[in-house]
Amino acid sequence: MTKAGAMGPSRVDAGSQAPEGLGVSQIKADRKTDLIPVRAQGSEEVLNRAGALIRQGELVVFPTETVYGLGADGLNPEAVRAIFRAKGRPSDNPLILHIADFDQLPALVNQDLAPFQKLMEDLWPGPMTLVFRRSSLIPDQVTAGGDTVGIRMPSHPIGRAFLRAAQRPVAAPSANLSGRPSPTNARDVYQDMAGRLPLILDGGPCDIGIESTVVDLTVEPAQVLRPGFYTPEILAPYLPRVALDPGLGPGQVLPKSPGQKYKHYAPRAEMTLFVDKSDSMEKAVRDIVTRYLEAESPDRVGLLLFEENVRPVREAVKAAGGPEPYIISQGSRSDLSEMGHSLFTNLRRFDMAGMAVILAMGVPPLGYGESIMNRMRKAAAGRVIEE
Ligand code: TXA
Ligand code: MG
């Protein structure tokens with residue numbers, strides 16, 4: 072998979088910022104946080120330390136192929152409570168339990184696994200969370216009191232090595248402060264979590280960049296509660312008639328997964344999303360240029376474009392006598408992997424650059440494009456212009 076190749080200015084503010092909302096700025100952040108690069112080989116010492124911290128009830132951030140996770144011993148209620156405190160997360164939103172190996176699963180689940188054996192063997196380890204009926208071993212703090220539990224076996228080699236070192240299921244949400252975009256590299260984690268926990272394992276940038284597909288296996292047919300890299304098309308051979316939760320579409324009824332009701336993935340800037348069905352994207356380019364030229368403070372308007380749009384937009388703005396725009400490229404429109412990979416870190420870059428407004432190009436909501444658009448629609452709080 073390609074790595075982030077975003078263009079444009081890349082000023083980086085180090086250090087922790089205090090975002091608004093949910094009182095997260097009031098959380099104590101006065102601890103010493105180690106940020107340690109971890110390799111697939113030769114990092115046994117730090118992985119052992121991470122495992123020991125988890126068993127002591129501490130928090131450790133670890134990489135996965137989707138986004139970074141904020142981990143704690145999933146069988147220790149006090150440790151799980153500390154996750155909610157560190158993130159400023161509402162306690163009615165359940166956590167995913169992460170496992171390293173299949174033999175950890177039966178003790179956590181109170182449901183016949185046979186019908187899902189092939190699904191798990193083929194798509195785990197990977198970017199997929201499965202929701203099962205829970206066993207009594209799991210504390211209420213993990214499930215938010217519900218009778219189901221989400222379980223995931225990530226494929227990131229360092230994430231898995233960490234989970235093995237922990238020797239127990241690790242409860243972990245994305246390692247962002249509540250309400251901010253999920254972190255997809257250790258620098259973004261550090262920005263949110265410095266001072267709140269003892270250790271961040273740096274495994275480099277996450278390949279996928281958006282969170283796992285959440286699939287509810289307690290209903291028939293199975294339902295996708297949160298779309299991700301594994302689309303309904305990929306799941307269909309294993310789960311006949313699997314469908315997206317109808318509550319997920321734009322402007323639809325309340326989604327079923329508790330986390331989907333919160334305003335998530337949001338940059339601080341006000342974002343508007345432009346989706347052009349035609350390959351030329353001419354209409355959307357024209358609209359973005361018009362909005363940019365009309366802006367009262369164009370120096371605080373950031374543009375999230377595809378590679379194909381960068382020149383046409385720059386030239387149109389210049390021809391109209393406008394100032395040089397701040398542009399981040401999310402790669403070619405035909406490269407959904409790159410778009411997903413760079414999305415959350417690009418949103419953070421606009422914030423760090425002090426942008427008040429983001430005008431962003433989206434894609435038609437098909438296949439993996441629908442999963443990416445699910446995150447973009449949230450970031451745009453529903454401000455979507457389709458042409
Ligand atoms: O890729 C991911 O899934 C990342 C990495 C770290 O594994 N984790 C992640 O966790 O995104 P979090 O807590 O940020 O999002 C978990 C989502 C939330 O929307 C939550 O409501 C939903 O999964 N969820 C968790 N347990 C559930 C359950 N038992 N039933 C329904 N939804 C559940
Ligand atoms: Mg999250």
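Position in the sequence shown (first residue = 1) + 71 = my numbering. Idealized CB from N, CA, C, for every residue including glycine.
Beta-carbon spacing of residue i, residue j below 8 Å
i	j	result
Val138	Thr200	no
His412	Gly280	yes
Asp259	Leu248	no
Thr289	Ala451	no
Leu270	Leu190	no
Val220	Leu179	yes
Ile399	Gly440	no
Gly274	Val109	yes
Ile154	Leu130	yes
Leu296	Ser328	yes
Arg32	Arg419	A query on residue 32 cannot be resolved here, the shown segment of the chain reaching from 72 to 458 and no further.
Thr484	Ala366	Nothing about residue 484 can be read from this structure; the chain reaches only from 72 to 458.
Leu146	Pro240	yes
Ser403	Phe377	yes
Leu142	Ala243	Here residue 142 turns out to be Gly, not Leu, going by the sequence shown. Cβ distance < 8 Å, so Gly142 and Ala243 count as in contact.
Asp144	Ile167	no
Pro435	Lys348	yes
Leu272	Val132	yes
Residue interval of the beta strand (DSSP E) (run including residue i)
i	result
Gln294	Gln294 to Arg297
Ile133	Inspection of the sequence shows that residue 133 is occupied by Phe rather than by Ile. Taken as a continuous stretch (DSSP letters only), the beta strand (DSSP E) holding Phe133 covers Val131 to Phe133.
Cβ neighbours of residue i in the same chain (closer than 7 Å, five flanking residues each side left out)
i	result
Pro198	Glu136, Thr137, Ile279, Ser283, Thr284, Gly299, Phe300 and Tyr301
Arg235	Ala171
Asn380	Met352, Val356 and Met432
Ala111	Pro228 and Ile229
DSSP three-state assignment for residue i, whether helix, strand or coil
i	result
Tyr397	strand
Pro108	strand
Gly318	helix
Ser140	For clarity, residue 140 is Gly in the given sequence; the question names Ser instead. Gly140 falls in the strand class under three-state DSSP.
Tyr261	helix
Ala391	coil
Val360	helix
Arg339	coil
Phe460	Because the chain is modelled from 72 through 458, residue 460 falls outside the range shown and cannot be assessed.
Gly402	coil
Glu353	helix
Ala307	coil
Glu386	helix
Gln323	Because Gln323 carries a pLDDT of 48, less than 50, the predicted location of this residue cannot be relied on, and no value is offered for it.
Ala246	coil
Gly230	helix
Opposing strand residues paired with residue i [DSSP bridges]
i	result
Phe345	Met432 and Ile456
Ser372	It should be pointed out that residue 372 corresponds to Val in this sequence rather than to Ser. Note: Val372 sits in a beta bridge opposite Val428.
His169	Arg223 and Val241
Arg204	Thr219
Met199	Thr284
Ile271	Leu106 and Val132
Val180	Arg205
Cβ shell of residue i (< 8 Å), same chain only, five flanking positions each side left out
i	result
Val388	Val360, Tyr363, Leu364, Pro394, Glu395 and Pro396
Cys277	Pro134, Thr135, Glu136, Thr137, Val138, Tyr139, His227, Thr255, Asn256 and His412
Asp358	Phe345, Ile456 and Glu458
Arg454	Glu341, Met342, Thr343 and Leu344
Own chain partners of residue i with C-beta closer than 6 Å, once the 5 adjacent residues on each side are dropped
i	result
Ile456	Phe345
Arg371	Met426 and Ala427
Thr214	Pro165, Arg205 and Val220
Gln182	Phe203 and Arg204
Asn445	Pro298
Unbroken alpha helix (DSSP H) run spanning residue i, endpoints
i	result
Thr214	Asp211 to Thr214
Ala121	Glu115 to Arg126
Gly411	Leu407 to Met423
Asn445	Tyr439 to Ala450
Glu367	Run containing Glu367: none; DSSP gives neither H nor E here.
Met191	Gln188 to Leu194
Pro154	One detail in the question is off: residue 154 reads as Ile in this sequence, not Pro. Per DSSP, Ile154 belongs to the alpha helix (DSSP H) from Pro148 to Lys158.
Pro276	No alpha helix (DSSP H) contains Pro276, which DSSP labels as neither H nor E.
Closer than 7 Å: residue i CB and nearest ligand 4 heavy atom
i	result
Ala243	Looking for ligand 4 in the displayed structure turns up nothing; the ligands present are ligand 1 and ligand 2.
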